Amino acid sequence: MNAGPIGSDLLRVIPLGGVGEVGKNMTAVECGNDLVLLDCGGKFPEENQRGIDLIIPDVTFIAERMRNFRGILITHGHEDHIGGLPYIIPQLKSDKPIPIWGTPLALGFVERKLLEARLERFVDLRTVESGDKVQLGQMVAEFIHVTHSIPDACAIALHTPVGTIVDTGDFKFDPTPVMGAPTDVRRLQQIGE
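Mapping of the sequence shown onto the UniProt record's numbering: residues 1 to 193, in sequence order.
Here it is, written out as structure tokens:
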């Protein structure tokens, strides 16, 4: 992608995967000199794709902008949101460990994957809880509790000088979940107002 730099008054949202398909959930968000990734998923192949174990998004856009890259934000620990990490981290050449933020369970899955791939020294895992906010240059990531088929899932609101965008990850509105609290609809509503 030959997209040049953008000003701090512009916001670029680039779905690298996960739109119109199941799997490969990954979105790049760029505002001024700050770039983040929302999720880093893989996609399992179709029956007719013999010999392929996993499909991952093309991360050339990120690799070309590593000086502006602030890190990866994980919504939850399912493969379609974290499965690409062992294949993508080596493509993101950095002189310091890449920060990855997520809830304890999500980062537990991430850590296991990266240990198996012997990539743990290339990342800096940073635990967050629902309600936490993380400063990423001129963007602020807010983790919002959502109910899903896996505990410890979050939506992520990215507050920027241009406006706020929300990546819900995967969620459901279940007023009586088996484990954990229901989706924080009140906070999502506040952000939408």
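For every residue, glycine included, the Cβ atom is placed at its ideal position computed from N, Cα and C. Predicted model only: the values in this text are computed from it and were never measured.
>> Can you tell me where the alpha helix (DSSP H) holding Arg50 begins and where it ends?
In response: Careful: Arg50 lies outside any alpha helix (DSSP H) and carries neither H nor E.
>> By DSSP's criteria, Gln135 is part of a beta bridge. Which residues make up the other side?
In response: Val140
> Using the C-alpha atoms, what's the distance from Asp80 back to Val22?
Replying inline: 8 angstroms
> Whose C-beta lies closer than 6 angstroms to the C-beta of Leu54 among residues of the same chain, with five residues either side of it excluded?
Replying inline: Gly42
>> Using a Cβ distance threshold of 8 angstroms, determine whether the segment 60-72 contacts the segment 152-168, with at least three qualifying pairs required.
In response: no
> How many whole angstroms separate the CB atoms of Val128 and Thr164, which I take to be in contact at a CB cut-off of 8 angstroms?
Replying inline: Their Cβ separation, rounded to whole angstroms, is 18 angstroms, which puts Val128 and Thr164 out of contact at 8 angstroms.
> For Ala157, which beta-bridge partners are listed by DSSP?
Replying inline: Glu142 and Val166
>> I'd like to know whether the C-beta atoms of Arg70 and Leu11 end up nearer to each other than 7 angstroms.
In response: no
>> Can you find the residues in the same chain that come closer than 8 angstroms, C-beta to C-beta, to Phe171, ignoring five residues on each side of it along the sequence?
In response: Val146, Thr147, His148, Ala153, Ala155 and Thr183
> Could you give the C-beta distance for Ile100 and Ile72, rounded to a whole number, given that I count them as a contact under 8 angstroms?
Replying inline: 5 angstroms
>> Does Asp80 come out as helix, strand or coil in the three-state DSSP assignment?
In response: helix
> Is Glu30 helix, strand or coil when you go by DSSP?
Replying inline: strand
>> Quick check: the Cα distance between Lys93 and Met26, rounded to an integer number of angstroms?
In response: 18 angstroms
> Between Leu107 and Asp9, what straight-line distance do the alpha-carbon atoms span, to the nearest angstrom?
Replying inline: 33 angstroms
>> Looking at Ala28: is its Cβ nearer than 7 angstroms to the Cβ of Ile14?
In response: yes
> Using DSSP with H/G/I as helix, E/B as strand and the rest coil, what is Lys96?
Replying inline: coil
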